[in-house]
Amino acid sequence: MFHNCLYLQSGGPSAVINSTFQGLRDAYQKNREGKLFVSPYGISGLLNEELIDKSDDTEDYSFLPGAHFGSLRKMLPEEVDAPIGKEIIEKLKKYEISHLFLNGGNDSMDTAYKIQRYFDYYGYQGTVLGLPKTIDNDLFGTDHTPGYGTAAKFVANATLAIYDDEYTYRKGKIILIETMGRDSGYVAASAKLCALRGKDPDYIYVPEVPFDISSFLDKAIKTYQEKGHCIIVLSEGIRNREGKLISDSQKDDAFGNRIVGGVSNYLTSLLLEKGYPARNIIFNTLNRSSSFLPSLTDINEARMVGSFAYEKALEGKSDFMVSIQRKESQKYEIELSLFPLAKCRKEASSFPTSYIAKSNDQIDDSFLSYVLPLIQGNALPLEDDGLLPK
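Each residue of the sequence shown is one higher than the one before, counting from 10 in the working numbering.
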């Protein structure tokens with residue numbers, strides 16, 4: 010029976026994905042069994058035999074931006090007898106790896122699920138666990154995902170800064186703020202936190218309800234005419250009544266997901282054509298790499314996920330994703346559990362429509378009690394020279 014571990018990162022980065030590795034490594038060093046390897050650039054590091062031994066590592070990864078070990082978007086075949094499945098098994102055998110940890114989002118859970126099937130087909134004795142990560146907060150089977158809290162904190166504070174800049178002038182512009190979120194409105198909805206400072210956006214649009222361009226233009230123009238200002242937050246994935254993206258690139262990524270982004274450019278051009286001053290701001294990758302404004306709650310929970318996964322692997326648990334669940338109490342508390350990979354792979358969780366105002370253009374105040382605990386706590390990750398860690 011082998012005892013070595015392998016950790017890899019997959020999909021888009023988040024501000025706390027490296028904190029999850031930190032938690033896993035700390036748990037490993039307390040209950041040391043075999044070696045701890047990292048596979049750079051996702052599964053390709055294993056296939057290319059580029060594994061890095063982190064068994065005696067002492068570096069602090071908590072505040073490192075991006076996916077520090079490199080990521081990869083690669084869809085594995087469903088067929089259990091596919092050549093790449095056999096190759097993965099052979100590489101794992103060579104490095105005597107018995108515990109595999111995949112840190113990522115929806116598609117990464119699909120990868121973990123398929124590797125488990127390869128294990129089963131070839132009779133390979135080992136464990137496969139998925140470690141949740143996505144700023145979109147759209148992983149099925151968990152209350153929220155590590156990475157979302159910090160992304161929400163960034164959106165809220167950046168929107169507050171934009172609000173103050175816009176209201177510097179007696180009369181300003183129509184400001185369109187585009188956030189990430191192809192299928193889920195959680196990131197855009199986090200701008201509702203600005204209401205706690207009395208500066209909430211005039212409108213917030215999410216993908217879960219149909220978006221009507223004509224109605225959008227009428228509301229934006231009317232608000233601007235009345236106030237001399239209008240601030241709008243919208244998700245990159247907003248769709249019309251037929252489910253078609255308002256801004257469609259007509260291109261898919263490696264997993265068959267439609268590549269989105271740029272909807273604010275399009276809508277801003279429509280406002281400009283009508284003669285109204287408008288400006289669009291796209292947060293884009295800043296949403297997922299804003300480790301200079303971390304949520305301490307987010308960091309701590311990410312570490313907990315890593316530690317919990319290692320402990321469960323030693324117990325022989327396999328074919329699961331670590332799940333975060335809220336306890337039913339007045340004080341915000343969580344507990345970790347395991348959720349079957351088969352139920353969450355490629356399965357997206359939508360933003361609850363109960364949090365969306367009946368007008369479909371704003372977020373209800375009830376959402377604040379859900380999101381506020383996730384952005385709590387401050388940390389200063391910057392070095393003495395004012396920059397992020399190396």
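Every residue gets a Cβ at the ideal spot worked out from N, C-alpha and C, and that includes glycine.
Owing to the predicted nature of the structure, the values given are computational and were not obtained by experimental measurement.
The residue from K103, R250, H238 with its alpha-carbon nearest to that of F220 is R250. Taking a 10 Å sphere around the C-beta of Y178, we find fewer than 16 other C-beta atoms and assign the residue as exposed. In the assembly as shown, P74 is a buried residue. Its beta-carbon has 16 or more other beta-carbons within 10 Å.
Taking a C-beta distance under 7 Å as the contact criterion, S244 and G194 qualify as a contact pair.
For the pair Y50 and D116, the Cα-to-Cα distance works out to about 15 Å. DSSP places P303 outside any beta strand (DSSP E), giving it a letter other than H or E. Collapsing the DSSP output to three states places T159 in a helix. Here I240 is not near I291, since their CB atoms are 7 Å or more apart.
Excluding five sequence positions before and after N296, the CB atoms of its chain that fall closer than 8 Å to its own CB belong to I144, A160, F163, V164, T188, M189, V196, given in chain order. About 7 Å separates the beta carbons of D307 and G156, which is inside the 8 Å limit, making them a contact pair. Nearest to R288 by C-alpha distance, out of G181, I61, I333, is G181. Close CB contacts of L345 within its chain, under the 8 Å cut and outside five residues either way in sequence, are with M313, V314, F317, V331, S332, I333, Q334 (chain order). Along the segment 106 to 139, the alpha helix (DSSP H) occurs as fully enclosed runs of 4 or more residues at 115 to 131, listed in sequence order. Linking S23 to Y104 through their CA atoms gives a straight-line distance of about 29 Å.
Burial of K142 is indicated by the presence of at least 16 other C-beta atoms within 10 angstroms of its C-beta. Look at F317 here: in three-state DSSP terms it is helix.
S199 sits in a helix when the DSSP states are folded into three classes. Between L276 and the set L350, Q31, I247, Q339, the nearest pair of CA atoms involves I247.
The segment 41 to 56 and the segment 12 to 22 touch, with three or more beta-carbon pairs separated by less than 8 Å.
Take G150, set aside five residues on each side of it, and the residues of its chain with a beta-carbon closer than 7 Å to its own are M330, S332, F348, K352, C353, in chain order.
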